[in-house]
Each structure stands twice: as C-alpha cells, then as structure tokens.
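These protein sequence lines map, in sequence, to chains A and B.
Start counting the first sequence at 285; every next residue gets the next number (the numbering used here).
Start counting the second sequence at 4; every next residue gets the next number (the numbering used here).
Glycine included, C-beta positions come from ideal geometry on N, C-alpha and C.
Keep in mind the model is a prediction, meaning the values are calculated, not measured.
Beneath this line is the structure, given in structure tokens, with notes to follow.
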Amino acid sequence: MLDQQTNVSEQSPSCEETRSDRCYRPNVDILEKENELYLVADVPGALADKIDVDFADGVLTVHAPVEPASDDGRRYLVREFGKGDYRRSFRVSEQIDPSGITAEFVDGVLTLHLPKAESVKPRKIAVRAS
Amino acid sequence: MVFGYSTTRHPIYQLRDEMDRLLSSVFPGNSWPAVNRPEGPAVNMWEDEGGLKVEMELPGVKDEQLDLSVVERELIVKVEVPESEPEGVTYHRRERPVGSFRRAIPLPFEIDAERVSAVLTRGVLEVTLPKSPSALPRKIEVKVSS
Chain A
285 MLDQQTNVSE
295 QSPSCEETRS
305 DRCYRPNVDI
315 LEKENELYLV
325 ADVPGALADK
335 IDVDFADGVL
345 TVHAPVEPAS
355 DDGRRYLVRE
365 FGKGDYRRSF
375 RVSEQIDPSG
385 ITAEFVDGVL
395 TLHLPKAESV
405 KPRKIAVRAS
Chain B
4 MVFGYSTTRH
14 PIYQLRDEMD
24 RLLSSVFPGN
34 SWPAVNRPEG
44 PAVNMWEDEG
54 GLKVEMELPG
64 VKDEQLDLSV
74 VERELIVKVE
84 VPESEPEGVT
94 YHRRERPVGS
104 FRRAIPLPFE
114 IDAERVSAVL
124 TRGVLEVTLP
134 KSPSALPRKI
144 EVKVSS
C-alpha cells in the first residue's frame, strides 16, 4: 500500500503471526511538522519496557508485546477483541536522523518522534538588502 | 462530538469482518471476535464465579475523562475527550478513532451496583461487576413428607 504524496508508506507484511501467537496491527496516525515526522500508535495493554522500536534501512518497525493471555477457559459473553503483540512496519522515505528518534508511552499510546535530517529541514535564506 | 469509529475503518478490516462473519457461521461459538459490533471501542465480557468482568480498549483515555455507571441492567461507559486539532501539522495517515462516545453494554443479570469496581491500566479498562445477591443461586430446601 503506497500512499500518494506521503513520505511514509506501509511496509508489508506488517504483521507476521508466529505459529503460537496472534499479532495485531495497531491503528496509527502519522503526522508531519516542520522539523519532524511523528507516529502515534494505539497499543492498549502493551508493556512499556518491552516495546521495541527499530529503524534500519529506511524501515521503521514497532513491536509492542502485551502480557501473555490468561483467558483459558473463560466463558465469553461478548468478545470483540483478541489479545496479542502489536507489530507494524513502515518505509520512511523522508531523510530522518535515526540517532534522534525518541519514543514515549502514555496510557496505552506510543508516540515516536522522527526528527528530519539536517539536510532536509527547510532552511531560511537570509536576503540581504543592498 | 465526533464519532470516528466507523469512518476510520480501513477497508482491510472490513474485509476481515466479512471473513469473520463467514467463519462464525461455519464455526459458531465465541472463538472468533464479534463482527457486527456497535460504535465505540471494542469490549470483551465474560462471566466468572463472582459475577462479570468487562474489558475495554481505551488507549489515550485518562481516568478523569471516563464515566462509568450501572443503570438497571446496563453498564454505561462514557468518555468525554476535549476536541483539539494540533496546529501546524500535516496528517499523512489517520486511523486512530477520535472523539467522545457513550456505549451501553447490556448485562445478562442483576449486578450489585454498590460493589462495582474498575481499573484503567495502560489504556485497558477492566470492570468487575459482582452479581447481585438476588441473582445468586439459592438453595431451596425440600421437605420430605411421608
């Protein structure tokens, strides 16, 4: 899936299931500011200290594990969601500074800040009046 | 109020729903997540010895934005989120549901409303709803007459 006129596109397969566990594709917002791109992902139930963010060869991968399910033998009356690790990858074509990537996790929401590389930041050119 | 839940659905999820619907007709029971669910975040509900447990995914919701109540045989979950549009940003992708909502979850039996408790942990709400004493099984003594 390639988004038109965007600098971040979905890298597939974004969610590979292992044989034993289900894996979920989190909903994300991707936004751009003057100096950075940022990605906001809904990963309710994810364990903050186990979240893994990887950026290699222009591909950003987020892996957010959740607590292993303990729902054996539960008698569900309503079941609208399942539980499993979140995983999703994006190809980032914008030049970003990998060393400047930061992440925060609040109330089940992961926010990644991807600062643009110096070379692509809009640069103001001073015009000197003569 | 903005109800973003149905409009932000990605076509691939609609396809998944179609598949689930198909599969649930072949494999009845509750091993597949529900399909025709109402607007609002996803809910799981199960029964345990003491009563009911309800679980809801509420990423980004703060406890002060959340209002829970039990009215007759329904659990009402209300979330009021202030509307705010970040300034000076361009959206490249927007999938996360936004806005306030209210959802009423029908309960299968009477609940002891005084003893309902809830915790919100890392964006997941878990509500414990003990059965009302009137809904607990009562042993009826049978007198034998000779």
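Within its chain, find whatever has a CB closer than 6 Å to the CB of residue i; leave out the 5 residues flanking it on each side and keep chain order.
i: residue 324/A; result: 313 and 395
i: residue 66/B; result: 123
i: residue 130/B; result: 57 and 121
i: residue 292/A; result: 314, 374 and 376
i: residue 311/A; result: 326
i: residue 79/B; result: 72 and 107
i: residue 347/A; result: 336 and 371
i: residue 402/A; result: none
i: residue 345/A; result: 338 and 373
Exposed or buried, what is residue i when buried is set at 16 or more other beta-carbons lying within 10 Å of its beta-carbon?
i: residue 382/A; result: exposed
i: residue 338/A; result: exposed
i: residue 58/B; result: buried
i: residue 319/A; result: exposed
i: residue 392/A; result: buried
i: residue 132/B; result: buried
i: residue 75/B; result: exposed
i: residue 134/B; result: buried
i: residue 18/B; result: exposed
i: residue 370/A; result: buried
i: residue 141/B; result: exposed
i: residue 147/B; result: exposed
i: residue 354/A; result: exposed
i: residue 145/B; result: exposed
i: residue 96/B; result: buried
i: residue 411/A; result: exposed
i: residue 114/B; result: buried
Just to confirm, is the Cβ distance from residue i to residue j under 8 Å?
i: residue 48/B; j: residue 308/A; result: no
i: residue 317/A; j: residue 53/B; result: no
i: residue 73/B; j: residue 138/B; result: no
i: residue 400/A; j: residue 380/A; result: yes
i: residue 366/A; j: residue 306/A; result: yes
i: residue 364/A; j: residue 46/B; result: yes
i: residue 368/A; j: residue 350/A; result: yes
Going by beta carbon distance, what residues of the same chain come within less than 8 Å of residue i, once the five residues before and after it are set aside?
i: residue 61/B; result: 44, 69, 82, 123, 126, 127 and 128
i: residue 387/A; result: 335, 337, 394, 395, 396 and 397
i: residue 77/B; result: 107, 108, 109 and 110
i: residue 342/A; result: 375, 376 and 377
i: residue 409/A; result: none
Identify the continuous beta strand (DSSP E) that holds residue i and give its terminal residues.
i: residue 394/A; result: 393-399
i: residue 336/A; result: 336-340
i: residue 326/A; result: 320-326
i: residue 410/A; result: No beta strand (DSSP E) holds residue 410/A; DSSP gives it neither H nor E.
i: residue 348/A; result: 343-348
i: residue 81/B; result: 77-82
i: residue 74/B; result: 69-74
i: residue 92/B; result: Run containing residue 92/B: none; DSSP gives neither H nor E here.
i: residue 108/B; result: 104-109
i: residue 47/B; result: 46-51
i: residue 371/A; result: 369-376
i: residue 313/A; result: 312-316
i: residue 119/B; result: Residue 119/B -> no beta strand (DSSP E), and no H or E assigned at all.
i: residue 61/B; result: Taken as a continuous stretch (DSSP letters only), residue 61/B belongs to no beta strand (DSSP E), as it is neither H nor E.
i: residue 293/A; result: 292-294
i: residue 389/A; result: 386-390
i: residue 129/B; result: 127-133
Please go through the same chain and pick out, in chain order, the residues whose beta-carbon is closer than 7 Å to the beta-carbon of residue i, but skip the five residues on each side of it.
i: residue 322/A; result: 315, 395, 396, 397 and 398
i: residue 118/B; result: 133
Does the region 318-335 of chain A touch the region 103-117 of chain B, meaning 3 or more C-beta pairs lie closer than 8 Å?
no
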